[in-house]
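In terms of our numbering, the sequence shown opens at residue 133 and continues consecutively.
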Amino acid sequence: MPVIPIPRRVRSFHGPHTTCLHSACGPVRTTHLVRTKYNNFDIYLKSRWMYGFIRFLLYFSCSLFTSILWVALSILFCLQYLGIRIFLRFQYKLSIILLLLGRRRVDFSLMNELLIYGIHVTML
Numbered sequence: 133m134p135v136i137p138i139p140r141r142v143r144s145f146h147g148p149h150t151t152c153l154h155s156a157c158g159p160v161r162t163t164h165l166v167r168t169k170y171n172n173f174d175i176y177l178k179s180r181w182m183y184g185f186i187r188f189l190l191y192f193s194c195s196l197f198t199s200i201l202w203v204a205l206s207i208l209f210c211l212q213y214l215g216i217r218i219f220l221r222f223q224y225k226l227s228i229i230l231l232l233l234g235r236r237r238v239d240f241s242l243m244n245e246l247l248i249y250g251i252h253v254t255m256l
């Protein structure tokens with residue numbers, strides 16, 4: 133029978149395949165397995181369930197957080213779009229009133245470019 137050397141970290145671990153590993157290298161390891169009041173397979177199942185549950189909570193919370201961010205981003209985009217439409221209507225009415233009063237027209241081009249740049253940043 134071939135002798136398989138097992139590192140010390142693996143030798144100290146007692147999982148579901150501990151007996152298989154120790155039977156494969158019987159002449160190398162002569163001490164007996166550590167006995168506890170729990171069965172090794174039961175401990176393995178409990179830890180596997182716990183790690184699976186923690187992994188599920190992690191993935192679920194990350195996906196929930198991502199979906200909330202997408203919703204917030206879409207709401208922000210809609211608010212910006214509606215705000216620009218309202219602001220452009222206000223600009224149009226203000227320009228008409230100033231034109232009727234014979235005053236000089238106000239230049240809103242810089243403000244319009246900044247608002248459009250803000251929407252582009254939101255979409256990126």
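The beta-carbon is built from N, C-alpha and C at its ideal position, and this holds for glycine as well.
For the alpha helix (DSSP H) that contains residue i, what are its first and last residues?
{"i": "L246", "result": "S241 to M255"}
Can you give me the C-alpha to C-alpha distance between residue i and residue j, rounded to a whole angstrom?
{"i": "L247", "j": "F219", "result": "10 Å"}
{"i": "L256", "j": "W202", "result": "12 Å"}
{"i": "F197", "j": "M182", "result": "22 Å"}
{"i": "Q184", "j": "I200", "result": "One detail in the question is off: residue 184 reads as Gly in this sequence, not Gln. Looking at the two C-alpha atoms, the distance is approximately 24 Å."}
{"i": "L210", "j": "S195", "result": "It is worth fixing the name first, because residue 210 is Cys in this sequence and not Leu. The alpha-carbon atoms of C210 and S195 are separated by roughly 23 Å."}
{"i": "G234", "j": "S227", "result": "10 Å"}
{"i": "Y249", "j": "L208", "result": "14 Å"}
{"i": "S193", "j": "L232", "result": "58 Å"}
{"i": "E245", "j": "Y191", "result": "40 Å"}
{"i": "L242", "j": "R180", "result": "60 Å"}
What do you reckon, are the CB atoms on residue i and residue j nearer than 9 Å?
{"i": "F240", "j": "Q223", "result": "yes"}
{"i": "R237", "j": "L230", "result": "yes"}
{"i": "I216", "j": "I251", "result": "yes"}
{"i": "L214", "j": "T254", "result": "no"}
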